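Colleague:
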Amino acid sequence: MLRLTMAAGLAACVIGLSACDEGKLETGAPVAGGATAVAPLRTAAGADVGRATATEVAGGLRFTVDGMNMPAGTHGAHVHTTGRCDAPDFTTAGGHWNPTEMKHGTMNPQGPHYGDIPNLIVDSGGRGTVAATIPGATMAGLLDADGAAFVIHAGPDDLKTDPSGNSGGRIACGVFQAS
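According to mature numbering (1 follows the signal peptide of the UniProt record, and there is no 0), the sequence shown holds residues -19 to -1, 1 to 160 in order.
Right, dumping it as structure tokens:
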């Protein structure tokens, strides 16, 4: 019995050591000194409703949204291609960030865009958070010559209909700035 226990323990150590490759981090793993960009989210009236943060991680970017004082319900949340948020409808933010020219949505077999983030679910107190890692996305691509914005939509994203998931009007927007 002791020999079997020792053999199992030794096998676990060997497997654990062979899986450890310090030269390669799993996509989404934190990167020491990774760059960050923040987009303060505001309504067309200028009210502060949260922020979106982009952080460099191994193999891509991690987007985190922290919403407050928003309408309860499910809302489409997307990175948009232009760093402008002109009220009242934020159309100056352009379409979804899509440097790979895919179709919209994680449930679309020809998708997704880099800008497709899961729906933001806001509780009855007006708060909601969502986070997603986008493999292949880079900070240089996000903060290119015309920048990028983060947009919250009035309705839920169906995660498949091109180009925007039928998520309705734009109710909040913020421009990413390196931090």
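Think of the CB as a built atom: it goes at the ideal place given N, C-alpha and C, for glycine as much as any other residue. In this text the structure is predicted, and so the values were computed from the model without any measurement.
Do you know offhand how far GLY75's Cα is from THR62's?
Modeller: Along the sequence shown, one-based indexing puts residue 75 at 94. Along the sequence shown, one-based indexing puts residue 62 at 81. About 6 Å.
Colleague: Restricting to Cα atoms, I'd like to know which of ILE133, ARG65, ALA28, LYS141 is closest to LEU101.
Modeller: Translated into the one-based positions of the sequence shown, residue 101 becomes position 120. Residue ILE133 is the option with its Cα nearest to LEU101.
Colleague: Enumerated in chain order, which unbroken segments of the beta strand (DSSP E) with a length of 3 residues or greater are wholly contained in the segment 47 to 123?
Modeller: 54 to 61, 97 to 103, 109 to 116
Colleague: Suppose the cutoff is 7 Å on Cβ atoms and the five residues either side in sequence are ignored; what does the same chain contact list for PRO80 look like?
Modeller: Taking the first residue of the sequence shown as 1, we reach residue 80 at position 99. If we look at PRO80 and ignore the five residues flanking it on each side, its Cβ neighbours are TYR95, GLY122.
Colleague: For the putative contact between HIS59 and ILE98, defined by C-beta atoms under 8 Å, what is the C-beta separation to the nearest angstrom?
Modeller: Within the sequence shown, residue 59 is the residue found at index 78, counting from 1. Within the sequence shown, residue 98 is the residue found at index 117, counting from 1. Going by Cβ atoms, the distance from HIS59 to ILE98 rounds to 6 Å, so yes, they are a contact pair.
Colleague: Should the segment 22 to 38 be called in touch with the segment 82 to 89, which here means at least 3 C-beta pairs below 8 Å?
Modeller: no
Colleague: Could you check which residue in GLY107, ARG43, PRO21 has the C-alpha nearest to that of ALA53?
Modeller: Residue 53 sits at position 72 when you count from the first residue of the sequence shown. The candidate whose alpha carbon is nearest that of ALA53 is GLY107.
Colleague: List the residues that DSSP assigns as beta-bridge partners of PHE44.
Modeller: Position 63 of the sequence shown, counting from 1, holds the residue named residue 44. Answer is ALA35, ALA113.
Colleague: For GLY31, collect the residues of the same chain with a Cβ closer than 6 Å to its Cβ; drop the 5 residues on either side in sequence, then sort them by chain order.
Modeller: Residue 31 sits at position 50 when you count from the first residue of the sequence shown. Closer than 6 Å at Cβ, skipping near neighbours: LEU22, ASP47, GLY48, MET49.
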